[in-house]
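From first to last, the protein sequence lines stand for chains F and V.
Residue numbers 4 to 332, in my numbering, belong to the letters of the first sequence in order.
Residue numbers 15 to 269, in my numbering, belong to the letters of the second sequence in order.
Note that CB positions come from ideal geometry on N, CA and C, so glycine has one too.
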Amino acid sequence: MENQSTKLFMKTNKILFSTLAIFGLASCSTPENFTIRTISPTGAPTIAFYDKGLDTTNFVTSTGPLVLAEFQKGDYEAIAYDSTTALSKLPTYSTDYKFVKLLTGGNLYLTSINKDANAMPTSDDIVVGFQKQGVPGKVFQKLMDDYWNLDATIEWAGDAATAKAVLETGKYNGIDVDYVFMAQPALQTVLANTSIEHDIKVIKNIKEEWKSFTGQDAIPQAGLFVKQSSYDAHKTEYNQYFDYVDANLELALTNPIAIKESIESQIPNAQQQGARYGYPAAVMAKVQQNGNNGFGVVDPDTTYGMNEINAFLTALGEETISEQYFLVK
Amino acid sequence: MIKLKAFFKKFKNPIFVFLGLLFIFFLWFVTSLLVNSTLYPGPIDTFVELFALLGNGETYLAVLGTVGRMLIAFAISFVLGAIFGTLAGYFKWFHTFLKPLILILRTLPTAAAVLILVVLLKPAMTPIIVTCLVIFPIIYEAFVSGINNVEEPIIDSLKIDGGTGFKSYFKIYLPASASYIILAVVQSLGLGMKVSIMAEILAPSERIASLGRLINYEYQLAEIKPILAYSIIAIVIISIIDIALHIIRKKLKIK
Numbered sequence: 004m005e006n007q008s009t010k011l012f013m014k015t016n017k018i019l020f021s022t023l024a025i026f027g028l029a030s031c032s033t034p035e036n037f038t039i040r041t042i043s044p045t046g047a048p049t050i051a052f053y054d055k056g057l058d059t060t061n062f063v064t065s066t067g068p069l070v071l072a073e074f075q076k077g078d079y080e081a082i083a084y085d086s087t088t089a090l091s092k093l094p095t096y097s098t099d100y101k102f103v104k105l106l107t108g109g110n111l112y113l114t115s116i117n118k119d120a121n122a123m124p125t126s127d128d129i130v131v132g133f134q135k136q137g138v139p140g141k142v143f144q145k146l147m148d149d150y151w152n153l154d155a156t157i158e159w160a161g162d163a164a165t166a167k168a169v170l171e172t173g174k175y176n177g178i179d180v181d182y183v184f185m186a187q188p189a190l191q192t193v194l195a196n197t198s199i200e201h202d203i204k205v206i207k208n209i210k211e212e213w214k215s216f217t218g219q220d221a222i223p224q225a226g227l228f229v230k231q232s233s234y235d236a237h238k239t240e241y242n243q244y245f246d247y248v249d250a251n252l253e254l255a256l257t258n259p260i261a262i263k264e265s266i267e268s269q270i271p272n273a274q275q276q277g278a279r280y281g282y283p284a285a286v287m288a289k290v291q292q293n294g295n296n297g298f299g300v301v302d303p304d305t306t307y308g309m310n311e312i313n314a315f316l317t318a319l320g321e322e323t324i325s326e327q328y329f330l331v332k
Numbered sequence: 015m016i017k018l019k020a021f022f023k024k025f026k027n028p029i030f031v032f033l034g035l036l037f038i039f040f041l042w043f044v045t046s047l048l049v050n051s052t053l054y055p056g057p058i059d060t061f062v063e064l065f066a067l068l069g070n071g072e073t074y075l076a077v078l079g080t081v082g083r084m085l086i087a088f089a090i091s092f093v094l095g096a097i098f099g100t101l102a103g104y105f106k107w108f109h110t111f112l113k114p115l116i117l118i119l120r121t122l123p124t125a126a127a128v129l130i131l132v133v134l135l136k137p138a139m140t141p142i143i144v145t146c147l148v149i150f151p152i153i154y155e156a157f158v159s160g161i162n163n164v165e166e167p168i169i170d171s172l173k174i175d176g177g178t179g180f181k182s183y184f185k186i187y188l189p190a191s192a193s194y195i196i197l198a199v200v201q202s203l204g205l206g207m208k209v210s211i212m213a214e215i216l217a218p219s220e221r222i223a224s225l226g227r228l229i230n231y232e233y234q235l236a237e238i239k240p241i242l243a244y245s246i247i248a249i250v251i252i253s254i255i256d257i258a259l260h261i262i263r264k265k266l267k268i269k
């Protein structure tokens with residue numbers, strides 16, 4: 004009995020030692036694989052990662068608040084999020100995310116319901132906007148007050164999805180609506196809906212209106228953020244990543260059909276495309292085709308950094324952002 | 015020593031409640047240190063935020079709005095629950111007739127009800143209707159149980175004395191049902207507050223002042239401290255109502 008126990012003990016020790024030796028050798032010889040995991044809200048910014056439809060490990064989509072929370076958690080190497088909102092919050096976070104580049108710069112439109120062409124809101128009209136405290140809401144309010152000088156009542160929906168529902172039904176909280184402030188690609192989805200009985204017209208491109216008002220080329224929306232410390236430790240990988248994003252943005256401007264085909268080859272079902280990206284591939288192609296650029300994709304060759312963002316914030320009457328929150332390359 | 019013992023005996027319950035509260039704060043404090051993230055603020059940071067919010071007029075308007083709508087919902091549910099519960103208590107066939115409806119109201123996913131109602135109703139109505147859907151079954155069942163649990167000898171006496179009419183309801187049945195009804199009221203108010211705030215969070219509107227809208231706004235910015243602070247406000251309000259009801263029960267000598 005004692006002999007058997009001793010034998011078992013010796014056998015167990017041999018196995019344990021061999022296993023530890025294997026792990027030890029493995030840790031010495033295997034190089035660390037560094038991957039850049041990205042998180043983004045669904046919607047326009049996902050076009051910069053269109054080829055990652057099936058890669059749910061390295062490209063994750065989620066709701067806005069959960070993505071914003073990641074700036075505090077620091078689990079992702081890269082985050083795509085509304086640039087000015089994130090920049091205003093970075094000073095309060097202990098992580099070291101920095102702004103790299105702008106992905107989208109204006110996909111906002113003013114639409115009318117059952118109105119004449121180009122008719123603008125009057126004091127009797129009800130206008131529904133969204134994200135009152137975010138960039139869309141602030142830009143819209145600024146244009147209403149200081150550029151168009153309009154006196155209409157603005158009702159504020161929480162997000163673009165709610166505004167989309169308002170445009171589809173023509174009602175908000177039981178009241179009839181005359182105008183809706185909308186974003187692409189949700190707007191295109193509504194326009195393509197043949198069951199809607201009321202007449203919808205797109206009367207203003209907010210990006211163009213903002214340019215006429217301020218001279219600024221873009222309304223900073225989705226931006227890309229990475230951790231400075233991680234960038235400093237893996238510059239080669241990050242610079243390759245930035246080139247990859249630029250190439251995708253370029254393709255979104257020049258050949259959205261190629262992006263459509265890529266998305267469809269990864270995820271054939273349109274509903275599943277919508278769940279993954281925030282839009283079906285066909286809607287994206289329609290919005291982007293013929294140089295329309297309804298997503299407001301920023302040309303990767305243009306510079307849109309600290310100076311431009313601060314000029315935008317100044318135009319809104321907001322505090323500017325310190326250069327320490329912009330990536331040092 | 016004897017004085018201390020007497021003091022402890024007299025205030026035993028409040029002392030243990032206080033110790034229980036201290037324990038909760040201690041747990042919260044320790045776990046916040048372990049998690050060490052701005053997404054899980056500790057009690058000190060949260061209370062600093064709470065005092066900042068209490069200095070803001072918007073907070074009081076929101077509290078008034080939320081509590082007001084919750085009380086309206088409670089009042090509607092109480093009246094309907096009393097009427098239908100009494101009828102169901104007296105008439106078994108009516109109780110059976112309402113069983114499917116009560117079951118549906120009990121099991122209906124509240125969030126789904128909110129999302130359906132928000133597109134149909136004006137902003138202030140959704141939290142009221144949803145809260146009614148949740149607390150009506152509780153009040154209803156309290157009246158049914160109260161009436162059905164009146165002791166047999168009392169019912170027999172009433173039959174003998176010919177007192178089975180309207181007056182006997184207020185003089186006999188209702189007082190006998192008081193403990194069931196008071197319990198249901200306490201449960202309803204707490205649950206009603208939770209459901210009302212949830213409905214306001216799911217369907218916020220700039221048109222109405224509400225705690226839910228403020229919580230939703232902070233959630234959009236991933237700001238957890240104010241969310242916790244608003245939650246503490248809601249807990250305090252319900253605790254005050256709870257204590258008030260407890261005192262009323264004691265004064266009326268209801269078990």
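Look up residue i in the DSSP assignment and give the residues it is bridged to.
{"i": "residue 158 of chain F", "result": "F/131"}
{"i": "residue 44 of chain F", "result": "F/65"}
{"i": "residue 115 of chain F", "result": "F/182 and F/204"}
{"i": "residue 329 of chain F", "result": "F/102"}
{"i": "residue 175 of chain F", "result": "F/178"}
{"i": "residue 107 of chain F", "result": "F/300"}
In three-state DSSP terms, what is residue i?
{"i": "residue 266 of chain V", "result": "helix"}
{"i": "residue 218 of chain F", "result": "coil"}
{"i": "residue 323 of chain F", "result": "coil"}
{"i": "residue 135 of chain V", "result": "coil"}
{"i": "residue 306 of chain F", "result": "coil"}
{"i": "residue 59 of chain F", "result": "coil"}
{"i": "residue 70 of chain F", "result": "helix"}
{"i": "residue 96 of chain F", "result": "coil"}
{"i": "residue 300 of chain F", "result": "strand"}
{"i": "residue 85 of chain F", "result": "strand"}
{"i": "residue 73 of chain V", "result": "helix"}
{"i": "residue 24 of chain F", "result": "Note that residue 24 of chain F scores a pLDDT of 48, beneath 50, so its modelled location is shaky; the value from the coordinates is reported in the next line. Reduced to three states, the DSSP call for residue 24 of chain F is helix."}
{"i": "residue 109 of chain V", "result": "helix"}
{"i": "residue 78 of chain F", "result": "coil"}
{"i": "residue 5 of chain F", "result": "Legend: pLDDT at residue 5 of chain F = 48, less than 50; position of this residue unreliable, no value from coordinates given."}
{"i": "residue 221 of chain V", "result": "coil"}
{"i": "residue 211 of chain F", "result": "helix"}
{"i": "residue 166 of chain V", "result": "helix"}
What residues of chain V sit near residue i, judged by a beta carbon separation below 8 Å?
{"i": "residue 135 of chain F", "result": "220"}
{"i": "residue 176 of chain F", "result": "132, 135, 136, 137, 219 and 221"}
{"i": "residue 75 of chain F", "result": "51, 52, 53 and 236"}
{"i": "residue 307 of chain F", "result": "Chain V residues near residue 307 of chain F: none, gap ~24 Å exceeds 8 Å."}
Taking the continuous beta strand (DSSP E) assigned at residue i, which residues delimit it?
{"i": "residue 207 of chain F", "result": "203–208"}
{"i": "residue 203 of chain V", "result": "Premise fails: residue 203 of chain V lies in the alpha helix (DSSP H), 188–216, not in any beta strand (DSSP E)."}
{"i": "residue 229 of chain F", "result": "225–230"}
In the DSSP assignment, the alpha helix (DSSP H) including residue i goes from what residue to what residue?
{"i": "residue 233 of chain V", "result": "225–234"}
{"i": "residue 266 of chain F", "result": "259–269"}
{"i": "residue 15 of chain V", "result": "It is not in any alpha helix (DSSP H) - residue 15 of chain V carries neither H nor E in the DSSP assignment."}
{"i": "residue 7 of chain V", "result": "With chain V covering 15 to 269 only, the question about residue 7 of chain V has no answer from this structure."}
{"i": "residue 57 of chain V", "result": "57–68"}
{"i": "residue 287 of chain F", "result": "284–291"}
{"i": "residue 143 of chain F", "result": "138–145"}
{"i": "residue 191 of chain F", "result": "189–194"}
Cutting at 8 Å between CB atoms, please list the residues of its own chain near residue i, excluding the five before and the five after it.
{"i": "residue 256 of chain V", "result": "200, 203 and 204"}
{"i": "residue 37 of chain F", "result": "237 and 240"}
{"i": "residue 124 of chain V", "result": "144, 147, 148, 209, 212 and 213"}
Once you ignore the five residues that flank residue i on each side, which residues in its own chain have a CB closer than 7 Å to its CB?
{"i": "residue 129 of chain V", "result": "216"}
{"i": "residue 296 of chain F", "result": "256"}
{"i": "residue 214 of chain V", "result": "80, 141, 224, 225, 226 and 227"}
{"i": "residue 112 of chain V", "result": "98 and 102"}
List, in order along the chain, the chain V residues whose C-beta lies closer than 7 Å to that of residue i?
{"i": "residue 200 of chain F", "result": "Those do not exist, as residue 200 of chain F stays about 16 Å from chain V at its closest Cβ, beyond 7 Å."}
{"i": "residue 100 of chain F", "result": "None at all; the shortest Cβ gap to chain V is about 13 Å."}
{"i": "residue 72 of chain F", "result": "53 and 236"}
Please return the same chain residues whose Cβ sits closer than 6 Å to the Cβ of residue i, not counting the five positions on each side in sequence.
{"i": "residue 320 of chain F", "result": "none"}
{"i": "residue 79 of chain F", "result": "40, 42 and 73"}
{"i": "residue 197 of chain F", "result": "none"}
Identify the contact partners of residue i in chain F, using a Cβ-Cβ distance below 9 Å as the criterion.
{"i": "residue 233 of chain V", "result": "68"}
By the criterion of Cβ-Cβ separation under 8 Å, what are the contact partners of residue i in chain F?
{"i": "residue 163 of chain V", "result": "Within 8 Å Cβ-Cβ: nothing; residue 163 of chain V doesn't reach chain F, min ~43 Å."}
{"i": "residue 230 of chain V", "result": "161"}
For a contact defined as C-beta to C-beta under 9 Å, what are the partners of residue i on chain V?
{"i": "residue 158 of chain F", "result": "219, 220 and 221"}
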